[in-house]
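In what follows, a structure is listed as structure tokens, so that the remarks can point back to it.
2 protein chains.
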Amino acid sequence: MARLVMKFGGTSVADIDRIRNVARHVKREVDAGHDVAVVVSAMSGKTNELVAWVKDASPHYDQREYDAVVASGEQVTSGLLAIALQQIGVPARSWQGWQLPIQTSDVHGSARILGIDGDAIVRRFQDKREVAVIAGFQGVHGATGRISTLGRGGSDTSAVAIAAAINAERCDIYTDVDGVYTTDPRVVPQAQRLDKIAYEEMLELASLGAKVMQVRSVELGMLHNVRIFVRSSFDKPEDIDPKAEPPGTLICGEEEIVEQQTVTGIAFSKDEAQISIRNVQDKPGIAAAIFGPLADNNINVDMIVQNVSADGQTTDLTFTVPAGDYERAVQVLKTSKDTIGYQRFDGATDVAKVSVIGIGMRSHAGVAAQAFKALAEKGINIRAITTSEIKFSVLIDAASTELAVRTLHSLYDLDK
Amino acid sequence: MARLVMKFGGTSVADIDRIRNVARHVKREVDAGHDVAVVVSAMSGKTNELVAWVKDASPHYDQREYDAVVASGEQVTSGLLAIALQQIGVPARSWQGWQLPIQTSDVHGSARILGIDGDAIVRRFQDKREVAVIAGFQGVHGATGRISTLGRGGSDTSAVAIAAAINAERCDIYTDVDGVYTTDPRVVPQAQRLDKIAYEEMLELASLGAKVMQVRSVELGMLHNVRIFVRSSFDKPEDIDPKAEPPGTLICGEEEIVEQQTVTGIAFSKDEAQISIRNVQDKPGIAAAIFGPLADNNINVDMIVQNVSADGQTTDLTFTVPAGDYERAVQVLKTSKDTIGYQRFDGATDVAKVSVIGIGMRSHAGVAAQAFKALAEKGINIRAITTSEIKFSVLIDAASTELAVRTLHSLYDLDK
Chain A
1 MARLVMKFGG
11 TSVADIDRIR
21 NVARHVKREV
31 DAGHDVAVVV
41 SAMSGKTNEL
51 VAWVKDASPH
61 YDQREYDAVV
71 ASGEQVTSGL
81 LAIALQQIGV
91 PARSWQGWQL
101 PIQTSDVHGS
111 ARILGIDGDA
121 IVRRFQDKRE
131 VAVIAGFQGV
141 HGATGRISTL
151 GRGGSDTSAV
161 AIAAAINAER
171 CDIYTDVDGV
181 YTTDPRVVPQ
191 AQRLDKIAYE
201 EMLELASLGA
211 KVMQVRSVEL
221 GMLHNVRIFV
231 RSSFDKPEDI
241 DPKAEPPGTL
251 ICGEEEIVEQ
261 QTVTGIAFSK
271 DEAQISIRNV
281 QDKPGIAAAI
291 FGPLADNNIN
301 VDMIVQNVSA
311 DGQTTDLTFT
321 VPAGDYERAV
331 QVLKTSKDTI
341 GYQRFDGATD
351 VAKVSVIGIG
361 MRSHAGVAAQ
371 AFKALAEKGI
381 NIRAITTSEI
391 KFSVLIDAAS
401 TELAVRTLHS
411 LYDLDK
Chain B
1001 MARLVMKFGG
1011 TSVADIDRIR
1021 NVARHVKREV
1031 DAGHDVAVVV
1041 SAMSGKTNEL
1051 VAWVKDASPH
1061 YDQREYDAVV
1071 ASGEQVTSGL
1081 LAIALQQIGV
1091 PARSWQGWQL
1101 PIQTSDVHGS
1111 ARILGIDGDA
1121 IVRRFQDKRE
1131 VAVIAGFQGV
1141 HGATGRISTL
1151 GRGGSDTSAV
1161 AIAAAINAER
1171 CDIYTDVDGV
1181 YTTDPRVVPQ
1191 AQRLDKIAYE
1201 EMLELASLGA
1211 KVMQVRSVEL
1221 GMLHNVRIFV
1231 RSSFDKPEDI
1241 DPKAEPPGTL
1251 ICGEEEIVEQ
1261 QTVTGIAFSK
1271 DEAQISIRNV
1281 QDKPGIAAAI
1291 FGPLADNNIN
1301 VDMIVQNVSA
1311 DGQTTDLTFT
1321 VPAGDYERAV
1331 QVLKTSKDTI
1341 GYQRFDGATD
1351 VAKVSVIGIG
1361 MRSHAGVAAQ
1371 AFKALAEKGI
1381 NIRAITTSEI
1391 KFSVLIDAAS
1401 TELAVRTLHS
1411 LYDLDK
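Top line first, the protein sequences correspond to chains A and B.
Under this note's numbering, the first sequence has 42 at position 42, and the numbering climbs by one with no breaks.
Under this note's numbering, the second sequence has 1227 at position 227, and the numbering climbs by one with no breaks.
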């Protein structure tokens, strides 16, 4: 029997009717011959309610108690889904993180999975074809025996880690989109769903703001070579043809992608702010003097552009921060003016970052050059550029975002 | 340090404000020098919500999954109270049933506590005076590692069992009444709060419909000699004088009650129905023929009165059942007419049972006789009588209940 992990988020289990719908999805896979482990989130809204209570009880709450409270959400859904499965004749039982166990670090609130014992699940697959319904997002810290949670996107991470632990053929992530697209279809109606995308590409897309999968779970998938399939939770189980290839996007190793495109997708983010520091001394330690204080204030710096200085003495340095952190960053820079030693700085919050991603870039020269030319022809000014092996990003005026994305999408033949 | 268990029900932890209030109650006892274990129920309404979801998911739900779902309610409250305690400077941590562990049988939904390991709690009392906040109502079945719940009144049972496990000086049950009364104050305004009541008396009162404590937790208290103190959860922690004796009722061994009253309290129940079977054969096996089929149908028979037959041939037999089971009982009797062999039967649902309870009755003759005389003087007809060592009950017309209770309350000097 091929083993399959299925993961359903909060919207998919928001009430008993939807839990019943999930149960039918699981039954469909069991009937098709799969041994199934299902990972569930809390009913949508429940986690927020629990978090609000914790914060009301104390603004300086104990993360271990936070975890005990918040993990209860997934506990409820796992039990309810097991019952709904049994009700339609599918043997099932719920598993809490501490029951398997899913061992984690003791960084409560954002614990890392250290190991999962999948033996009990596999044994029960073999003994009675019992579906394992696993509470996502949670684990246990072995030494203290306390409940831990994995933080944002935790249930995706649970699902991928369990798929690795039981050596599953695939980890299906049911979500509110039916796959990963070449870009945001709201901006480019011709955006195409990708059949396959490499882990590395998905990581770039995810970290650049495509909200389908958390970076962490994709990283884990890449590490353990877990094939992750993103598909729609809105499809009715009855409408799915068990023999046909289901619609969705497979996140996999690049060796599995036979016909590689040069460019896979275009990502963009408008929540950027640009800061340019003028006439800083071009000397060792200057970058540390600027970015150290920002890091100390938990401000994430993204693009950094420093040109080779023309006179060998002073240079300009440009970087971006999340738009929400702009004011704080400005304050930090003002406070550190003497230690940095700069003349002045200017900034802008009406900027956007557009990124072109594709593993094929590695072997194709001039991919970025084409973009610069195309953008110039549309009169779009490029404020800054950064590149990596499989992507490049340009910082432009926010007003030009849609035009830039459409231009690049069409340039690289993604409209099909 | 004297050890203390404090138990708070669902109303006391219904929202974060009330949880904060509970935290202040706990702090009060910690400040007074106690090492405290707190047992909490789910926030009021939560258990019902969870149970409704389970029943919606399947009318034939798996009790083990029911337990996993429903136990989450207490998990939430335990974490929130631990946080609220830390917030006011009291070291605290939450404990789930499986963490201590609280070992139970595998009768999910109404499991029995088999043993509690209180060592971890006591060690942390000694090391850092840390308050243990324990999720009530739940435990774990050792062999399977699955979450269990204790059924109705489970949190009281948890509290008493934990008090026994850590050898606590007292188990304080905070509830919506400020103690146990000589009778229902809504019927007899002169009803007095008892300072002390013996376990045996409380068991009779509880099983007769006084709703303060579940029978099960009183039985457990009696078995392990845990002193249970029933007190009000409405008192503000700030208003309680730490030096004064708090108002409430201590449920304890009779040796601790120095001045025993003959009669401790008057209980009554209007949810009774009477059935009298006329002219049954007075022969061995007749009682089994009647009560066997009723038991098979889960109908609880309470009072049973069978007179010595006058002619040695036939007799009348009277018994009571809960009013809600009356129609079913009638059906069962009709179906079993041939096996029982009776002429006819009659019944009434407008009857009430009034009971007089007191350990002192053991050594005082004529206590019941006084009652019969007093009731007769008020023109109250007694339909049936049963007696035990520490109580007697009379079955009367429901319309006379209040008059009978007042008459007896005054007769035995309970008005004070």
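Glycine is no exception: its CB is placed at the ideal position from the N, C-alpha and C atoms.
At a cut-off of 9 Å between C-beta atoms, I1019/B counts as an interface residue with respect to chain A. DSSP lists I275/A as the bridge partner or partners of G347/A. A distance below 9 Å separates the beta carbons of R170/A and A163/A. Judged by their CB atoms, V36/A and M6/A are nearer to each other than the 9 Å cut-off. Nearest to I228/A by C-alpha distance, out of D172/A, R193/A, R278/A and D176/A, is D172/A. Bounds of the alpha helix (DSSP H) holding M222/A are V215 to H224. L1223/B is classed as exposed because its beta carbon has fewer than 16 other beta carbons within 10 Å across all chains shown. By a beta-carbon distance limit of 8 Å, T314/A does not contact Q274/A. Their separation comes to about 19 Å. The beta-carbon distance between T386/A and V305/A, rounded to whole angstroms, is 7 Å. This is short enough to meet the 8 Å contact definition.
Counting of Cβ neighbours within 10 angstroms places Q1138/B among the buried residues, the total reaching 16 or more. Contact annotation: the segment 1064-1075 of chain B touches the segment 1140-1153 of chain B, with at least three C-beta pairs closer than 8 Å. In this structure, G248/A lies away from I286/A, with their beta-carbon atoms at least 9 Å apart. Annotated as proximal: S1078/B and Q1096/B, with beta-carbon spacing under 9 Å. The beta carbon of A1082/B sits closer than 7 Å to the beta carbons of A1092, R1093, S1094 and V1133 from its chain, once the five residues preceding and following it are set aside; these are given in chain order. The beta carbons of K353/A and S269/A sit about 5 Å from each other, so the pair counts as a contact at 8 Å. Taking 9 Å as the CB threshold, Q103/A stays off the interface with chain B. Non-local C-beta neighbours of D282/A in its own chain, meaning closer than 8 Å and more than five positions away in sequence, comprise S309, G312, Q313, T314 and T315, ordered along the chain. For D1067/B, the enclosing alpha helix (DSSP H) begins and ends at Q1063 to V1070. Your pair V140/A and S1072/B does not check out as a contact, with CB atoms roughly 16 Å apart and the cut at 8 Å. With respect to the 9 Å criterion, S1393/B and S1355/B are classified as neighbours on the basis of their beta carbons.
A1384/B sits away from T1407/B, with the two beta carbons spaced by 9 Å or more. Within the segment 1080-1134 of chain B, complete beta strand (DSSP E) segments of at least 3 residues are found at 1092-1095, 1102-1104 and 1113-1116, given in chain order. A buried status is given to M361/A, since no fewer than 16 other beta-carbon atoms sit within 10 Å of its beta-carbon. Short of 7 Å from the beta carbon of R18/A, and not among the five residues preceding or following it, lie these beta carbons of its own chain, in chain order: S12. Under the three-state reduction of DSSP, D15/A is assigned to coil, being neither helix nor strand. The secondary-structure analysis by DSSP pairs A37/A across a beta bridge with V5/A and A132/A. Contact check for P1237/B against R1028/B passes: the beta carbons are separated by less than 9 Å.
Inclusion of Y1199/B and A1191/B in the CB contact set at 9 Å is not warranted, their separation being larger than that value. For S1393/B, the enclosing beta strand (DSSP E) has its first and last residue at K1391 to D1397. Distance from the CA of H34/A to the CA of G1154/B, rounded to the nearest whole angstrom, comes to 40 Å. In the DSSP assignment, S232/A forms a beta bridge with T175/A.
Around the beta carbon of Q1086/B, a 10 Å sphere encloses 16 or more other beta carbons of the protein chains shown; the residue is thus reported as buried.
By the criterion of a C-beta distance shorter than 7 Å, A323/A is surrounded in its chain by D271, E272, A273 and T349, once the five residues flanking it on both sides are discounted. Boundaries for P59/A: no alpha helix (DSSP H) harbours it, and the DSSP string shows neither H nor E there.
For the pair L1114/B and F1125/B, the Cα-to-Cα distance works out to about 24 Å. The C-beta distance from F1008/B to V1054/B rounds to 24 Å, too long to meet the 8 Å contact threshold.
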